[in-house]
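Enquirer: Once you've had a glance at the structure underneath, I'll fire off some questions.
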Amino acid sequence: MNIRTTTDPITLREVSNPEDHPCVYEGDGDNGITIYFENEDNRKTYMDLKTGGNIVLQSNDSDDYVAEG
């Protein structure tokens, strides 16, 4: 399933005419989300916020770590 959101995640405002605005697709082609932005600066800000890899919790970044709580 592909999801399309027209709420700019930076400003939280609705993007009118999304086909005329920048967007980002995240997914594998069959399943994903298209996120539309009010402008290119907001798209770049969003892309700069993205993180990757493991998040270190309690000084343990191993792949088999399970958070308890």
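With our numbering, letter number 45 in the sequence shown gets 82, and the count goes up by one each step, no holes.
All residues carry an ideal CB built from backbone N, CA and C; glycine is no exception.
Just so we're clear, the structure is a prediction, and the values are computed from it rather than from any experiment.
Got a sec? Which residues, its chain only, sit under 8 Å from Y83 by beta carbon, not counting five neighbours each side?
Expert: If you number the sequence shown from 1, residue 83 lands on position 46. Around Y83: P46, I47, V61, I72, F74.
Enquirer: Measuring CB to CB, does P59 end up less than 8 Å from R80?
Expert: Your numbering for residue 59 matches position 22 in the sequence shown. Your numbering for residue 80 matches position 43 in the sequence shown. Yes, these two residues count as a Cβ contact at 8 Å.
Enquirer: Name, in chain order, the residues that DSSP records as bridge partners for N39.
Expert: Residue 39 sits at position 2 when you count from the first residue of the sequence shown. N39 is bridged to G69.
Enquirer: If you check the beta carbons only, do T9 and E51 fall under 8 Å apart?
Expert: Any property of residue 9 remains undetermined from this structure, which presents the chain solely from 38 to 106.
Enquirer: Kindly indicate the opening and closing residues of the alpha helix (DSSP H) around E77.
Expert: The count along the sequence shown starts at 1 and reaches residue 77 at position 40. It spans 77-86 - the alpha helix (DSSP H) in which E77 sits, taken as one unbroken run.
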